[in-house]
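Under the working numbering, the residues of the sequence shown are numbered 291 to 506, in order.
To start, the structure itself, in structure tokens.
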Amino acid sequence: MKFVYDILLNLNETRVYDFYEWSEKDSIEFFKRIPIFKIDNESYKKIKIGNIIRSDDLLDNIYRETEIYEQKKIVQVDYACVFTNGYSAIGALLNKYGQILMLSKLLLDEEEEVVETSITLEEIKLDVYIKNQNYKDESFLTRIELYKLFFLTREIDNLYTNKKIDKLKYMYYECFNRIEENVDKIYQDLKKFLNGEWTYNHNNLYDLIRLSYSKK
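This is the structure we're talking about:
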């Protein structure tokens with residue numbers, strides 16, 4: 291079994307962040323060592339969205355093989371490893387049933403080290419149970435874009451609930467460059483717009499709303 295040594299992982303339950311999106315507020319762990327496994331690309335895709343690995347052999351092999359630095363001492367982790375498809379890599383924390391609890395991308399140089407190491411590794415076969423069949427992948431959005439989407443959604447909902455029609459109409463015009471008088475249609479179209487592909491118009495709308503608050 292191969293290991294990678296002295297790497298940082300930013301394990302999260304809900305979303306996997308690229309290294310350049312890591313925040314000082316994140317719980318970033320310093321791993322002394324962690325096992326590496328090379329898998330096929332299809333299994334890698336399933337793991338990236340968090341599923342259940344049905345492999346007693348894997349779980350037995352990785353049990354307490356991972357070590358982290360914690361408050362000037364070394365602590366063993368029950369079930370953790372790094373998976374690679376030979377092109378990229380992702381860290382995973384599992385429970386004893388094979389359920390993936392948390393995932394983390396790697397720093398660029400550390401990912402390159404894992405990929406280089408995987409050249410000499412044989413692929414292992416994994417039976418991955420797809421738990422998240424209806425998972426919506428929002429990984430194309432950056433952390434900042436996710437916040438802006440949350441802000442815009444909350445703003446539109448609040449304006450509609452509190453019947454602030456003029457501001458809703460203003461937002462509608464900025465999005466679609468046309469006037470609409472039907473408030474329900476305005477609300478529905480704006481919600482549909484927010485759920486679509488992220489574009490320059492989303493950023494522009496966010497900036498306009500923030501600017502309107504700063505002028506008060």
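Cβ coordinates follow ideal geometry from the N, Cα and C atoms, glycine included.
Keep in mind the model is a prediction, meaning the values are calculated, not measured.
To the nearest whole angstrom, what separates the beta carbons of Tyr-496 and Ile-476, a pair I think is in contact under 8 Å?
-> Residue mapping note: residue 496 aligns to position 206 of the sequence shown, counting from 1. Residue mapping note: residue 476 aligns to position 186 of the sequence shown, counting from 1. In fact, because the Cβ distance is near 18 Å, the residues do not count as touching under 8 Å.
Looking at the unbroken beta strand (DSSP E) that takes in Thr-451, where does it start and where does it end?
-> Locating residue 451 in the sequence shown gives position 161, where the first residue counts as 1. No beta strand (DSSP E) contains Thr-451, which is instead part of the alpha helix (DSSP H) from 433-451.
Are the beta-carbon atoms of Ile-446 and Leu-480 separated by less than 8 Å?
-> For the purposes of this step, residue 446 is taken as the residue at position 156 of the sequence shown. For the purposes of this step, residue 480 is taken as the residue at position 190 of the sequence shown. In this structure, Leu-480 lies closer than 8 Å to Ile-446 by Cβ.
Does the pairing of the stretch 345-359 with the stretch 428-442 give three or more beta-carbon distances under 8 Å?
-> Cβ pair count under 8 Å is below three, so no.
Quick one: residues in its chain with C-beta nearer than 8 Å to the C-beta of Trp-488, no 5 flanking neighbours on either side, listed in chain order?
-> Position 198 of the sequence shown, counted from the first residue, corresponds to residue 488. Contacts found: Phe-430, Leu-431, Glu-435, Leu-439.
Do Phe-320 and Leu-298 have their C-beta atoms within less than 8 Å of each other?
-> Taking the sequence shown and counting its residues from 1, the one referred to as residue 320 is at position 30. Taking the sequence shown and counting its residues from 1, the one referred to as residue 298 is at position 8. Yes.
Taking the Cβ atom as the reference point for each residue, do Lys-395 and Tyr-369 lie within a distance shorter than 8 Å?
-> The sequence position of residue 395 within the sequence shown is 105, counting from 1. The sequence position of residue 369 within the sequence shown is 79, counting from 1. No, the Cβ-Cβ distance between Lys-395 and Tyr-369 is not below 8 Å.
List the endpoints of the continuous beta strand (DSSP E) containing Leu-349.
-> As a position in the sequence shown, residue 349 is number 59, starting the count at 1. Leu-349 -> not in any beta strand (DSSP E); alpha helix (DSSP H) instead, spanning 346-352.
Report yes if the CB atom of Gly-381 is closer than 8 Å to the CB atom of Arg-344, and no otherwise.
-> Here the question's residue 381 lines up with position 91 in the sequence shown. Here the question's residue 344 lines up with position 54 in the sequence shown. It is not a contact, given that the beta carbons lie outside the stated cut-off.
Cα-Cα separation between Gln-478 and Glu-470, rounded to whole angstroms | Position 188 of the sequence shown, counting from 1, holds the residue named residue 478. Position 180 of the sequence shown, counting from 1, holds the residue named residue 470. If you take the alpha carbons of Gln-478 and Glu-470, they lie about 12 Å apart.
Is it true that the stretch 394-412 meets the stretch 299-309, where meeting means three or more beta-carbon pairs spaced less than 8 Å apart?
-> Below 8 Å, enough C-beta pairs join the stretch 394-412 and the stretch 299-309 to call them touching: three or more.
Please go through the stretch 301-365 and give each complete beta strand (DSSP E) segment of 3 or more residues, from N-terminal end onward.
-> You should have 319-328, 356-360.
If you compare alpha carbons, which of Val-365, Val-418, Glu-355 is closest to Ser-333?
-> To locate residue 333, count along the sequence shown from 1; it is residue 43. The alpha carbon of Ser-333 has as its nearest neighbour, out of Val-365, Val-418, Glu-355, the alpha carbon of Val-418.
Buried/exposed call for Lys-363, threshold 16 Cβ in 10 Å | Residue 363 sits at position 73 when you count from the first residue of the sequence shown. Taking all protein chains in view, the Cβ of Lys-363 is surrounded by fewer than 16 other Cβ atoms within 10 Å, so the residue is classified as exposed.
Cβ-based neighbour list, Ser-502, same chain, cut-off 7 Å, excluding 5 preceding and 5 following = By one-based count along the sequence shown, residue 502 stands at place 212. The answer is none, since no qualifying residue turns up.
To which residues does DSSP link Thr-407 through a beta bridge?
-> Here residue 407 refers to the residue found at position 117 when the sequence shown is read from its first residue. In DSSP, Thr-407 forms no bridge with anything.
6 Å CB neighbourhood of Thr-304 in its chain, flanking five on each side removed = Reading the sequence shown from its first residue, position 14 is the one you call residue 304. For Thr-304, where only same-chain residues beyond five positions count, there are no Cβ hits under 6 Å.
Cβ separation of Pro-325 and Thr-374, assumed to be a contact under 8 Å, to the nearest whole Å | By one-based count along the sequence shown, residue 325 stands at place 35. By one-based count along the sequence shown, residue 374 stands at place 84. Not a contact, Cβ separation roughly 11 Å.
Rank Asn-494, Met-291, Phe-441 by C-alpha distance to the C-alpha of Phe-466 and give the top, closest one.
-> Position 176 of the sequence shown, counted from the first residue, corresponds to residue 466. When each option's Cα is compared against that of Phe-466, the closest is Asn-494.
With distances taken between CB atoms, is the gap from Asp-316 to Asn-331 smaller than 8 Å?
-> Within the sequence shown, residue 316 is the residue found at index 26, counting from 1. Within the sequence shown, residue 331 is the residue found at index 41, counting from 1. Not closer than 8 Å, so no.
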